[in-house]
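J.: From first to last, the protein sequence lines are chains A and B. Just so we're aligned, residue 12 is where the first sequence starts under this note's numbering, counting upward by one. Just so we're aligned, residue 4 is where the second sequence starts under this note's numbering, counting upward by one. Take a look at this one; I'll ask things after.
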Amino acid sequence: MDIDREIANMQGETALPRKNGELIFSEPWEGRVFAMAIALHGGDVHHRAGVLRGGET
Amino acid sequence: MSSEHGHHPAPLTDVEARTRALESILLEKGLLTPDAVDKVIAAYERDIGPLNGARVVAHAWVDAEYKKRLLTDATPAIAELGFGGRQGEHMVVVENTPTIHNVIVCTLCSCYPWPVLGLPPVWYKSPPYRSRVVIEPRKVLQEFGLKLDEATEIKVWDSSAEIRYMVLPERPAGTEGMTEEELVKLVTRDSMIGVAKAKMPAAQV
Numbered sequence: 012m013d014i015d016r017e018i019a020n021m022q023g024e025t026a027l028p029r030k031n032g033e034l035i036f037s038e039p040w041e042g043r044v045f046a047m048a049i050a051l052h053g054g055d056v057h058h059r060a061g062v063l064r065g066g067e068t
Numbered sequence: 004m005s006s007e008h009g010h011h012p013a014p015l016t017d018v019e020a021r022t023r024a025l026e027s028i029l030l031e032k033g034l035l036t037p038d039a040v041d042k043v044i045a046a047y048e049r050d051i052g053p054l055n056g057a058r059v060v061a062h063a064w065v066d067a068e069y070k071k072r073l074l075t076d077a078t079p080a081i082a083e084l085g086f087g088g089r090q091g092e093h094m095v096v097v098e099n100t101p102t103i104h105n106v107i108v109c110t111l112c113s114c115y116p117w118p119v120l121g122l123p124p125v126w127y128k129s130p131p132y133r134s135r136v137v138i139e140p141r142k143v144l145q146e147f148g149l150k151l152d153e154a155t156e157i158k159v160w161d162s163s164a165e166i167r168y169m170v171l172p173e174r175p176a177g178t179e180g181m182t183e184e185e186l187v188k189l190v191t192r193d194s195m196i197g198v199a200k201a202k203m204p205a206a207q208v
């Protein structure tokens with residue numbers, strides 16, 4: 012599954028804010044929070060798990 | 004207090020401060036790289052969109068009845084596959100044939116059927132494309148690398164807020180044995196705008 016396309020394609024209340032197809036967040040922080048979530052999802056899961064357990068810093 | 008003149012940045016709102024703090028912690032912990040957030044934002048702003056049109060096209064290629072419905076009344080036909088919504092309310096699909104080639108533009112601004120085609124490419128919004136494709140479509144298409152036979156009629160469709168067009172490209176030769184899923188991969192955004200043909204099977208990666 013192409014997760015980026017799945018996210019880009021979300022509908023209804025979960026749909027990304029767009030105007031004529033362009034991604035337009037009403038505040039910059041909204042875009043950064045969104046991007047943080049995506050970046051965390053796409054990162055190295057095992058590394059993340061280790062950090063969250065406190066095993067790595 | 005006002006920062007209207009821009010000499011002093013406005014104080015961070017609560018939620019802005021929390022966002023910055025969260026990003027700092029994630030960077031500090033090594034969970035994010037410094038440019039990760041900017042890269043994601045740039046990718047979603049520039050490259051990623053719902054390329055649902057490829058599914059519509061592939062389905063029309065394999066199902067003649069669906070193709071007929073699509074060309075007669077595109078909006079409900081596209082909705083049959085679960086696509087639609089804002090900016091895709093009134094869709095018209097125009098079919099490329101060996102003798103007719105269609106290309107879409109929005110001469111006024113950048114109206115674009117994004118629920119099916121994803122994000123509009125930068126050139127689609129550029130004044131040169133918007134004006135020249137109407138005046139000299141054959142030349143513009145050549146610049147995109149699409150050389151059409153002189154006998155091929157070119158039709159240019161001007162999208163608006165009310166009607167948005169999508170091109171149904173010709174099914175490439177040699178794809179008779181391919182499944183619908185395989186065909187989807189041959190349908191590019193540019194082929195549904197009309198500045199390219201669908202990919203040949205050998206060009207698949």
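Cβ coordinates follow ideal geometry from the N, Cα and C atoms, glycine included. Everything numeric in this text was worked out from a predicted model, so none of it was measured.
Return helix, strand or coil for Tyr168(B), following the three-state DSSP convention.
T.: Start at 1 with the first residue of the second sequence, and residue 168(B) comes out as number 165. The answer is strand: DSSP assigns Tyr168(B) an E or B state.
J.: Closer than 8 Å is the cut-off here; do at least three beta carbon pairs connect the region 101 to 118 of chain B with the region 154 to 165 of chain B?
T.: Yes, since at least three Cβ pairs between the region 101 to 118 of chain B and the region 154 to 165 of chain B fall closer than 8 Å, the two stretches touch.
J.: Using DSSP's beta-bridge definition, name the partner residues of His93(B).
T.: By one-based count along the second sequence, residue 93(B) stands at place 90. Answer is none; His93(B) lacks a bridge partner.
J.: Using 8 Å as the threshold, is the region 168 to 188 of chain B in touch with the region 61 to 71 of chain B, meaning 3 or more CB pairs across them?
T.: Judged by Cβ distances under 8 Å, the region 168 to 188 of chain B makes contact with the region 61 to 71 of chain B, as three or more pairs qualify.
J.: Measuring only the C-alpha atoms, how far is Lys42(B) from Leu15(B)?
T.: Position 39 of the second sequence holds residue 42(B). Position 12 of the second sequence holds residue 15(B). Cα-Cα distance, rounded: 23 Å.
J.: Bridge partners of Trp160(B), per DSSP?
T.: As a working mapping, residue 160(B) is identified with position 157 in the second sequence. The partner list for Trp160(B) (beta bridge, DSSP) reads Ile107(B).
J.: List the residues that DSSP assigns as beta-bridge partners of Lys30(A).
T.: Within the first sequence, numbered from 1, the residue matching residue 30(A) stands at position 19. Partner(s): Glu33(A).
J.: Using CA coordinates, which residue listed in Ala45(B), Gly33(B), Leu171(B), Glu31(B) is at the minimum distance from Phe45(A)?
T.: Sequence index remark: in the first sequence, residue 45(A) carries index 34 (1-based). The option with the nearest alpha carbon to Phe45(A) is Ala45(B).
J.: How is Glu26(B) classed by DSSP in three states: helix, strand or coil?
T.: For this step, residue 26(B) is matched to residue 23 along the second sequence. Here Glu26(B) sits in helix by DSSP.
J.: Please state whether the Cβ-Cβ distance between Lys128(B) and Pro172(B) is less than 9 Å.
T.: Translated into the one-based positions of the second sequence, residue 128(B) becomes position 125. Translated into the one-based positions of the second sequence, residue 172(B) becomes position 169. No, these two residues do not count as a Cβ contact at 9 Å.
J.: Are there 16 or more other CB atoms within 10 angstroms of the CB of Ser113(B), so buried, or fewer, so exposed?
T.: Start at 1 with the first residue of the second sequence, and residue 113(B) comes out as number 110. Classification for Ser113(B): buried.
J.: Answer with buried or exposed for Met21(A), where buried requires no fewer than 16 other C-beta atoms within 10 angstroms of its C-beta.
T.: The residue labelled residue 21(A) in the question sits at position 10 within the first sequence. So Met21(A) counts as exposed.
J.: Look up Glu139(B) in the DSSP assignment and say whether it is helix, strand or coil.
T.: Mapped onto the second sequence, residue 139(B) falls at position 136. Reduced to three states, the DSSP call for Glu139(B) is coil.
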